[in-house]
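Participant:
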Amino acid sequence: MSEQSARIAVGAEPSMLPSIRWDEPPEGPVLALLDQTRLPGEETERVCTDVPALVRAIRELAVRGAPLLGIAGAYGVALAAVRGYDVEDAAEQLAGARPTAVNLGYGVRRARDAYRAALEADADLARAAAAALAEARALHREDAEASARMAAFGLSLLDELLPGGGHRILTHCNTGALVSGGEGTAFAVALSAHRVGRLRRLWVDETRPLLQGARLTAYEAARSGMAYTVLTDNAAGSLFAAGEVDAVLIGADRIAADGSVANKVGSYPLAVLAKYHHVPFVVVAPTTTVDLDTPDGAAIEVEQRPGQEVTELTAPQAAVAGAEKGGGVPVAPLGSQAYNPAFDITPPELVTAVVTERGVLSPVTRDGIAQLCVRSRQG
Ligand code: MRU
């Protein structure tokens, strides 16, 4: 069988979410994923023994979020190599599983290139597979380090932007340990503020239609002991109008060369609201999310997801509602068309700052993005 599920015990430590785990049981190596379609109700691991199972897990969002997709892609290549499958084909399948988060292709390429380089240096297949696995592990570690650095830079930026302390931060989608080798991107900054007593409240957008905010960010906030409140996405406007938001912190799936930011659909309206209300709009992402080959926002491919995610309560919402997984509950007349882009694009002029593991870029300009990447390659 190419995938199995098992309930697991998740430790209480906020950062210790086993989002992804390479394991080598006697039956052969596997990639175990904390199944995000089942959270927060069930802490279940989905165990993938081959690449098609991992591609399914990526498409169904059992594993998701830009940095974690990169890590999963790299381990997926290693899985193919160690199990003796066609690595080039596996790399192609994995890189094409979802189009928007640039990290997925980046992680896949890193492991595949390590495999290719080992073969070119006359390694046998086992050694080449070991090189791919070592590269996946390196990416996993690097992402944890990047997360810690972003949290520190982001906290200093918040203190600079909001000298009064007692931050009320609005966030969208899910950007914590569930999407990272470490404690995440935007959520890691909020967590740092919480740990030093400077977070008054985390406002959590529910994030329609798949509820990454209500299901996953609220789950992480609760585990961390933060004061948090979930709101429907369309309540954000009145929250700004009431003066209840000091800053918006979000992650990114791809940052184009001009500084345009692709992130979960609903991010762009928050940026417009933030501009109108003079509230900082801050994007937190590792430099692996910057794509200099994508010149601007218009060139970013935005994933279009099935309309049923909008017109029906399907998994994972159905799982939340206690319905059988996969059982869709219609909320619109049968046959209704639906517009369901997974991401939207925020232009750089609406972004106050981009926080990376290399430092903070503000204002966000094409030159600044290029310099960040030069620094990143030198560093
Ligand atoms: O469709 P998803 O759940 O994979 O979308 C994830 C997001 O949009 C996150 O906000 C983004 O990947 C940044 S997370 C570090």
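First residue of the sequence shown: 1, per the UniProt record's numbering; consecutive thereafter.
Every residue gets a Cβ at the ideal spot worked out from N, C-alpha and C, and that includes glycine.
Skipping 5 residues on each side, what residues in its chain have a beta carbon closer than 8 angstroms to that of Q304?
Facilitator: The residue you call residue 304 lines up with position 304 of the sequence shown. N340, P341, A342, listed in sequence order.
Participant: Relative to the alpha-carbon of D233, which residue among L119, E206, T37 has its alpha-carbon at the smallest distance?
Facilitator: Sequence index remark: in the sequence shown, residue 233 carries index 233 (1-based). That would be E206, whose Cα lies nearest to the Cα of D233.
Participant: Quick one: measure Cβ to Cβ for L161 and A247, integer angstroms, because I've assumed they're closer than 8 angstroms.
Facilitator: To locate residue 161, count along the sequence shown from 1; it is residue 161. To locate residue 247, count along the sequence shown from 1; it is residue 247. Contact holds; Cβ gap of about 6 angstroms.
Participant: Pull up the distance between the alpha-carbon of G166 and that of P330, whole angstroms please.
Facilitator: Indexing the sequence shown from 1 puts residue 166 at position 166. Indexing the sequence shown from 1 puts residue 330 at position 330. Each residue's Cα considered, the two are about 42 angstroms apart.
Participant: With respect to the alpha helix (DSSP H) encompassing A95, which residues constitute its N-terminal and C-terminal limits?
Facilitator: For the purposes of this step, residue 95 is identified with residue 95 of the sequence shown, where counting begins at 1. That run of the alpha helix (DSSP H) goes 87-95.
Participant: At a cut-off of 7 angstroms, is G266 close to the ligand MRU when judged by its beta-carbon and the heavy atoms of the ligand?
Facilitator: Stepping through the sequence shown from its first residue, residue 266 is reached at position 266. The answer is no for G266.
Participant: Taking the beta carbon of R64 as the centre, do at least 16 other beta carbons fall within 10 Å, making it buried, or is it exposed?
Facilitator: If you number the sequence shown from 1, residue 64 lands on position 64. It is buried - the Cβ of R64 has at least 16 other Cβ atoms within 10 Å.
Participant: Check whether the Cβ of V189 sits closer than 7 angstroms to any heavy atom of the ligand MRU, and report yes or no.
Facilitator: In the sequence shown, the residue the question calls residue 189 occupies position 189. Outside the cutoff, so no.
Participant: Could you spell out where the beta strand (DSSP E) holding A6 opens and where it closes?
Facilitator: Counting from one through the sequence shown, the residue named residue 6 turns up at place 6. Unbroken beta strand (DSSP E) run through A6: 3-7.
Participant: Short of 8 angstroms in beta carbon distance, which residues of its chain neighbour L231, apart from the five on each side in sequence? Order them along the chain.
Facilitator: Taking the sequence shown and counting its residues from 1, the one referred to as residue 231 is at position 231. Taken in chain order, the residues that qualify are W203, V204, D205, E206, L239.
Participant: Helix, strand or coil, according to DSSP, for T314 in the structure here?
Facilitator: Along the sequence shown, one-based indexing puts residue 314 at 314. Note: T314 maps to coil in three-state DSSP.
Participant: Would you kindly work out how many angstroms separate the C-alpha atoms of G164 and Y85, rounded to a whole number?
Facilitator: Residue mapping note: residue 164 aligns to position 164 of the sequence shown, counting from 1. Residue mapping note: residue 85 aligns to position 85 of the sequence shown, counting from 1. If I take the Cα positions, the gap works out to 56 angstroms.
Participant: So, with DSSP's three-state summary, where would you put G379?
Facilitator: Against the sequence shown, residue 379 aligns to sequence position 379. For G379, the predicted structure reports a pLDDT of 47, less than 50, and the residue's modelled location is therefore unreliable. The matter cannot be settled from this model.
Participant: To the nearest angstrom, how far is the alpha carbon of V282 from that of A186?
Facilitator: Counting from one through the sequence shown, the residue named residue 282 turns up at place 282. Counting from one through the sequence shown, the residue named residue 186 turns up at place 186. If I take the Cα positions, the gap works out to 8 angstroms.
Participant: Please report the distance separating the alpha-carbon of A81 from that of L68.
Facilitator: By 1-based counting over the sequence shown, the position of residue 81 is 81. By 1-based counting over the sequence shown, the position of residue 68 is 68. Each residue's Cα considered, the two are about 20 angstroms apart.
Participant: Roughly how many angstroms separate the alpha carbons of L292 and A6, rounded to a whole number?
Facilitator: By 1-based counting over the sequence shown, the position of residue 292 is 292. By 1-based counting over the sequence shown, the position of residue 6 is 6. Cα to Cα, the separation comes out at about 40 angstroms.
Participant: What residue ranges within the region 192-244 form continuous alpha helix (DSSP H) runs of no fewer than 4 residues, ordered along the chain?
Facilitator: Segments of the alpha helix (DSSP H) lying fully in the region 192-244: 218-224, 236-241.
Participant: Are at least three pairs of beta-carbons, each pair with one atom in the region 169-182 and one in the region 260-277, less than 8 angstroms apart?
Facilitator: Segments in contact, yes.
Participant: If you measure from the CB of I250, is any heavy atom of the ligand MRU nearer than 7 angstroms?
Facilitator: Numbered from its first residue, the sequence shown carries residue 250 at position 250. Result yes, Cβ under 7 angstroms from the ligand MRU.
Participant: Is the separation between the beta-carbon of A236 and that of L273 shorter than 8 angstroms?
Facilitator: Against the sequence shown, residue 236 aligns to sequence position 236. Against the sequence shown, residue 273 aligns to sequence position 273. Yes. Within cutoff.
Participant: Kindly examine the ligand MRU and report whether one of its heavy atoms sits closer than 7 angstroms to the Cβ of N263.
Facilitator: The residue you call residue 263 lines up with position 263 of the sequence shown. For the ligand MRU, at least one heavy atom lies less than 7 angstroms from the Cβ of N263.
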